[in-house]
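*Asks:* Below is a structure I'd like to ask you about.
2 protein chains.
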Amino acid sequence: MSDRIQPRTLKGFRDFLPGAMSTREHVIEVARRVYRSYGYRPIDTPALEYSDILFGKGGQESDRQLYRFEDAGGRDIALRFDLTVPLARFVAQHAGALGMPFKPYHIGTVWRGENTQRGRYREFLQCDFDTIGTESLVADIETGLVIYDLFAGLGFERYTIRVNNRKVLGGLLELVGLADQTSAVLRAIDKLGKVGTAGVAVELGKTAHATPDQIERILTFCGISGSPEAVLAGLRAEVGAAQTGEEGITHLEGLFAGFEAAGCDPDRFALDVSIARGLDYYTGVVFETFLDDLPEIGSCCSGGRYDDLASVYTKQRLPGVGASLGVDRLLAAMEELEIGAATAAAADVLVTMFEPDRAADYLRMATELRRAGLTVEVYPDARKLGAQLRYADGRGHLLAVIAGAREFESGEVRIKHLTTGEEVDVGDADLVPACRRLLAR
Amino acid sequence: MSDRIQPRTLKGFRDFLPGAMSTREHVIEVARRVYRSYGYRPIDTPALEYSDILFGKGGQESDRQLYRFEDAGGRDIALRFDLTVPLARFVAQHAGALGMPFKPYHIGTVWRGENTQRGRYREFLQCDFDTIGTESLVADIETGLVIYDLFAGLGFERYTIRVNNRKVLGGLLELVGLADQTSAVLRAIDKLGKVGTAGVAVELGKTAHATPDQIERILTFCGISGSPEAVLAGLRAEVGAAQTGEEGITHLEGLFAGFEAAGCDPDRFALDVSIARGLDYYTGVVFETFLDDLPEIGSCCSGGRYDDLASVYTKQRLPGVGASLGVDRLLAAMEELEIGAATAAAADVLVTMFEPDRAADYLRMATELRRAGLTVEVYPDARKLGAQLRYADGRGHLLAVIAGAREFESGEVRIKHLTTGEEVDVGDADLVPACRRLLAR
């Protein structure tokens, strides 16, 4: 007794019980199906890497949060904190074997020793897809289409994919003569929601050393809103005179034309020039995805275009575009919005058990149902019917097959629908069609 | 340049490129489908645990191979080295919420700092399933049926599930008076393949202090072979007189009757009393699965019945039965035996690209095909047809859709079957049916 160890998980880590794990598996399956439907192919990289591969690649915060240690062979190693840095290492290492364009998807666990007080976990799943080795507009459009199909495939009806292009702000800053203050301007704009236009104006003056005229132009730019057509017209007036700005506008036009050509619901896309986060990392298009009914949880799928993925590891220039689905954030949202997993956690049918000597008969019925494509669990022990039905209730089985001594004698089995309570007695030969009939209701 | 970091993976770790990863995903998908069809439900546990949860639970070798370190908060933590110890911790911690019987499956990565000279990896995937909280024969039978369905589902035709029951040897050792030497006897028997009967005889005398009579009886026992019926008859003669032995025999009879009732090919099961590995861990039935054409790689799916899963963590007694699929060993075998992945690595169709200004038209075609259930990749850049077809060849696309200026003018597109070389020109409206027709060949 005194040797017993308290079963517990580490702070910031968690177990997945069958209900939550079934939903998680469902999300991953939908993501895989969508990725594959666009020709993306799976890859995987190790959880552990040499520390110099990871260190300094995600900024100071990532470095601080790294699970880094020495292995038994004295190597300085660490757990990956995202999938982007390992992807860059992977592509640099295998470029010859991969060929370009290369369209990987990568679903994997990452670890960050974050402060858990914010309700964040230290272990979570990422679900990335990328198109590498091309600067094509088509690849940008498809990135948006994949996000669209992901959320539609998961059963969301109200979500907005916000799109922006780094180049339109770039054009503006060229025109007003603040191109060398891009980072400071981005940081200021990012606070728009928190401090309002007046606050941003003050910040622009202080940190970006902007004049009142420059501030005016930036705030006018940030205020451009409405339908994509309206925003594009507004942008053309404000930044069309700069070549970079015009490139960004033409690109965004092509992007929205592509979403339309693919038959997307136009209400699911918005052109939002106030997106600032991500713009210091991405060089062209930027995507963020918000749930209309839960905007406060932030973007559930973010990405964009980058000029060069792996310059730290190779001299080969690798432009690309991609995005990352925040699986765990999405799971929390699905729970809150009661957008359920399409997969039931339990088998369709529970074959109840009364005569241990007739195990072969129970197994025969289960096999028959399974061959017909149903999922079937056999209750392993002979217990009272009530106890077995309570088990089925708790698990979420839809049908119970009931056969005791009397039923075996008469050659009939009883099938009970566990939601409606409906019961039917059928001969052996009718087991499969009767179960199908009941499940179809 | 000089700042560039050499892209490389740690010794004993590896990247999965799309081909290998597609096969791995296929194996996992088959396993999930089979597990679910029997009512098993998914769980997951963290990769990292407190070291005292893992340490000392897998024997000295596991302890030595543990990736163990201190986190930033000074906690003594380690990466899981298998899924059994975390499952025991999990069940002890959540028993109340789970209810019994509990049928989890658990697919996850584990880490062992093994000597890589034996061609072993330090990171590999395990794929376990268990039925906990019951001693039912039905649960034992279903464990065998799941293994059977797994290998059949993966496309193997020649494999043998070797079955044994710890109790038959237990009965023999009772009868000959060597019950207190079980471990030594098991270790000796395990060497049968390597050192032959004479070698085992010497070892039994030396380490188990067996007399010539006792050795004779043990070797006779180990020599019982043939059909399950023949083995059962032989066992009854040798060990039926002991109650434990008789229990084992009756259990094995029920087990093989169950496999028959479920309509399994009897040639895929063997009753093998010489299985010794695993018998010191398991308390009842034991399973090992060998590929008939690659026996040298060892068992690809092993398991058995245990008396108590989680006694280290809880006083609740939790008997169960389960097995573990060796995914990476199986992947190596599939490659060697050329048992391919059922999933093609690439999309069915490559839509080639010639007119960047008509991106919308290419995307429209791709969307149409995708809605019809095909997987479709759009080549992102306008390049020469030859280059795009070489790309498709390398990726394994089945069809190429070809539309340039001329085709758009005439309202027809060309579809090329990339294996047969067959080409057809079809009007826009016929794109989907024509692709389907060509793919069906």
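Protein chains in written order, with this note's numbering: chain B, 1048 to 1488; chain F, 1048 to 1488. The beta carbon of each residue, even a glycine, is placed where N, CA and C say it ideally should be.
1. When you compare the CB positions of F1176(B) and G1369(B), do they come within less than 8 Å of one another, or not?
2. Using CA coordinates, which residue listed in L1397(B), S1230(B) and G1270(B) is at the minimum distance from G1243(B)?
3. Find out if the Cβ-Cβ distance for the pair I1236(B), A1323(B) is shorter than 8 Å.
4. Excluding the five sequence neighbours on either side, which residues of its own chain have a C-beta within less than 8 Å of the C-beta of F1060(F), listed in chain order?
5. Compare the C-alpha of V1396(F) against each of I1154(F), A1481(F) and L1219(F) and name the closest.
6. What's the C-alpha gap between I1262(F) and A1450(B)?
7. If you draw a straight line from the C-alpha of I1296(B) to the C-alpha of N1211(B), how long is it?
8. Rounded to the nearest angstrom, how far is the Cβ of G1180(B) from that of G1305(B), given a contact under 8 Å?
9. Along the region 1424–1440 of chain B, what residues have a CB closer than 9 Å to any CB found in chain F?
10. Does the Cβ of Q1140(F) have 16 or more other Cβ atoms within 10 Å, making it buried, or fewer, making it exposed?
11. Sorted by chain position, which residues of the same chain lie with C-beta nearer than 7 Å to G1034(B)'s C-beta, five sequence neighbours on each side aside?
12. Taking only the alpha-carbon atoms, compute the straight-line gap between M1381(F) and E1276(B) and give it to the nearest angstrom.
13. Just the Cα atoms here: how many angstroms apart are V1077(F) and T1178(B)?
14. Does the pairing of the region 1120–1140 of chain F with the region 1136–1150 of chain B give three or more beta-carbon distances under 8 Å?
15. Which residue or residues does DSSP assign as beta-bridge partners of G1155(F)?
16. Short of 9 Å Cβ to Cβ, which residues in the region 1352–1381 of chain F face chain B?
17. Excluding sequence positions up to five away, which residues of its chain have a Cβ less than 7 Å from the Cβ of L1126(F)?
18. Using a 10 Å radius around the Cβ and a threshold of 16 neighbouring Cβ atoms, would you call D1319(F) buried or exposed?
19. So, V1473(F) versus E1454(F), is the Cβ gap smaller than 8 Å?
20. Contact between the region 1116–1125 of chain F and the region 1333–1343 of chain F is defined here as three or more beta-carbon pairs at a separation below 8 Å; is this criterion met?
21. At a CB distance below 7 Å, what residues from the region 1099–1117 of chain B approach chain F? Give them in sequence order.
22. How far does the alpha helix (DSSP H) with I1271(F) in it extend, from its first residue to its last?
23. What residues in its chain sit with their C-beta under 8 Å from that of K1150(F), if we drop five residues either side in the sequence?
24. Assign H1073(B) to one of three DSSP states: helix, strand, or coil.
25. Alpha carbon to alpha carbon, how far is K1214(F) from L1302(F)? Give it in angstroms, no decimals.
26. Mind checking which residues open and close the beta strand (DSSP E) that includes Y1206(B)?
27. Distance check for A1394(B) and T1466(B), CA to CA, integer angstroms please.
28. Measuring CA to CA, which of Y1097(B), R1071(B), I1194(B) and A1452(B) is closest to I1386(B)?
29. Does the beta-carbon distance from A1447(B) to A1434(B) come in below 8 Å?
30. Could you say which of T1291(F), L1145(F) and D1196(F) lies nearest to V1081(F) if we only look at CA atoms?
31. For the alpha helix (DSSP H) containing F1334(B), list its first residue and its last residue.
32. Under DSSP, the beta strand (DSSP E) around Y1353(B) begins and ends at which residues?
33. Which two residues bound the contiguous beta strand (DSSP E) that contains A1125(B)?
34. Which same chain residues end up closer than 7 Å to D1327(F) when comparing Cβ atoms and leaving out the 5 residues on each side of it in sequence?
35. Rounded to the nearest angstrom, what separates R1376(B) and F1316(B) at their Cα positions?
36. Using 8 Å as the threshold, is the C-beta distance between P1133(B) and T1163(B) below it?
*Replies:* Inspection of the coordinates gives the following:
1. Counting from 1 along the first sequence, the entry for residue 1176(B) is found at position 129. Counting from 1 along the first sequence, the entry for residue 1369(B) is found at position 322. Yes. Within cutoff.
2. Taking the first residue of the first sequence as 1, we reach residue 1243(B) at position 196. It is G1270(B) whose Cα lies nearest to the Cα of G1243(B).
3. Position 189 of the first sequence, counted from the first residue, corresponds to residue 1236(B). Position 276 of the first sequence, counted from the first residue, corresponds to residue 1323(B). In this structure, A1323(B) lies closer than 8 Å to I1236(B) by Cβ.
4. In the second sequence, residue 1060(F) corresponds to position 13, counting from 1. For F1060(F), where only same-chain residues beyond five positions count, the Cβ hits under 8 Å are Y1168, R1169 and E1170.
5. Taking the second sequence and counting its residues from 1, one reaches residue 1396(F) at position 349. V1396(F) has its Cα closest to that of A1481(F), out of I1154(F), A1481(F) and L1219(F).
6. Position 215 of the second sequence holds residue 1262(F). Position 403 of the first sequence holds residue 1450(B). Whole-angstrom Cα-Cα distance: 49 Å.
7. Indexing the first sequence from 1 puts residue 1296(B) at position 249. Indexing the first sequence from 1 puts residue 1211(B) at position 164. In a straight line, the C-alpha of I1296(B) is about 10 Å away from that of N1211(B).
8. Here residue 1180(B) refers to the residue found at position 133 of the first sequence. Here residue 1305(B) refers to the residue found at position 258 of the first sequence. Between G1305(B) and G1180(B) the Cβ distance is about 20 Å, and since that is not below 8 Å, they are no contact.
9. E1424, V1425, Y1426, P1427, D1428, A1429 and Y1438
10. Here residue 1140(F) is taken as the residue at index 93 of the second sequence, counted from 1. So Q1140(F) counts as buried.
11. This structure leaves residue 1034(B) out entirely; chain B is present only between 1048 and 1488.
12. Reading the second sequence from its first residue, position 334 is the one you call residue 1381(F). Reading the first sequence from its first residue, position 229 is the one you call residue 1276(B). Their Cα atoms are separated by approximately 54 Å.
13. Your numbering for residue 1077(F) matches position 30 in the second sequence. Your numbering for residue 1178(B) matches position 131 in the first sequence. Cα to Cα, the separation comes out at about 28 Å.
14. no
15. The residue given as residue 1155(F) occupies position 108 in the second sequence. Its beta-bridge partners are Q1173(F).
16. A1357, S1358, V1359, Y1360, T1361 and K1362
17. Taking the first residue of the second sequence as position 1, residue 1126(F) is located at position 79. Counting only Cβ-Cβ distances below 7 Å, and skipping sequence neighbours, we find A1094, L1095, Y1114 and W1158.
18. Position 272 of the second sequence, counted from the start, is the residue given in the question as residue 1319(F). Buried: at least 16 other Cβ atoms inside 10 Å.
19. By one-based count along the second sequence, residue 1473(F) stands at place 426. By one-based count along the second sequence, residue 1454(F) stands at place 407. Contact flag unset, no.
20. no
21. D1099, I1100, Y1114 and F1116
22. For the purposes of this step, residue 1271(F) is identified with residue 224 of the second sequence, where counting begins at 1. That residue, I1271(F), is in no alpha helix (DSSP H); it is neither H nor E in DSSP.
23. Here residue 1150(F) refers to the residue found at position 103 when the second sequence is read from its first residue. Cβ neighbours of K1150(F) beyond the five flanking positions: Y1085, G1086, Y1087, R1088, F1176, D1177, T1178 and I1179.
24. Taking the first sequence and counting its residues from 1, one reaches residue 1073(B) at position 26. The answer is helix: DSSP assigns H1073(B) an H, G or I state.
25. Position 255 of the second sequence, counted from the first residue, corresponds to residue 1302(F). Position 167 of the second sequence, counted from the first residue, corresponds to residue 1214(F). Approximately 14 Å, taken between the alpha carbons.
26. For the purposes of this step, residue 1206(B) is taken as residue 159 along the first sequence, with counting starting at 1. Y1206 to N1212 is the extent of the beta strand (DSSP E) around Y1206(B).
27. For the purposes of this step, residue 1466(B) is taken as residue 419 along the first sequence, with counting starting at 1. For the purposes of this step, residue 1394(B) is taken as residue 347 along the first sequence, with counting starting at 1. C-alpha separation (whole angstroms): 14 Å.
28. As a first step, residue 1386(B) must be located in the first sequence, where it is residue number 339. Closest option to I1386(B), Cα to Cα, is R1071(B).
29. Indexing the first sequence from 1 puts residue 1447(B) at position 400. Indexing the first sequence from 1 puts residue 1434(B) at position 387. No, Cβ-Cβ distance for A1447(B) and A1434(B) is not below 8 Å.
30. Translated into positions along the second sequence, residue 1081(F) becomes position 34. Nearest C-alpha to V1081(F): D1196(F).
31. Working through the first sequence from its first residue, we reach residue 1334(B) at position 287. Per DSSP, F1334(B) belongs to no alpha helix (DSSP H); it is in the beta strand (DSSP E), V1332 to L1338.
32. Counted from its first residue, the first sequence places residue 1353(B) at position 306. Note, Y1353(B): beta strand (DSSP E), C1348 to Y1353.
33. The count along the first sequence starts at 1 and reaches residue 1125(B) at position 78. Start and end: D1123 to L1126.
34. What you label residue 1327(F) is simply residue 280 of the second sequence in a count that begins at 1. Taken in chain order, the residues that qualify are S1230 and L1233.
35. Along the first sequence, one-based indexing puts residue 1376(B) at 329. Along the first sequence, one-based indexing puts residue 1316(B) at 269. Cα to Cα, the separation comes out at about 20 Å.
36. Taking the first residue of the first sequence as 1, we reach residue 1133(B) at position 86. Taking the first residue of the first sequence as 1, we reach residue 1163(B) at position 116. No. Outside cutoff.
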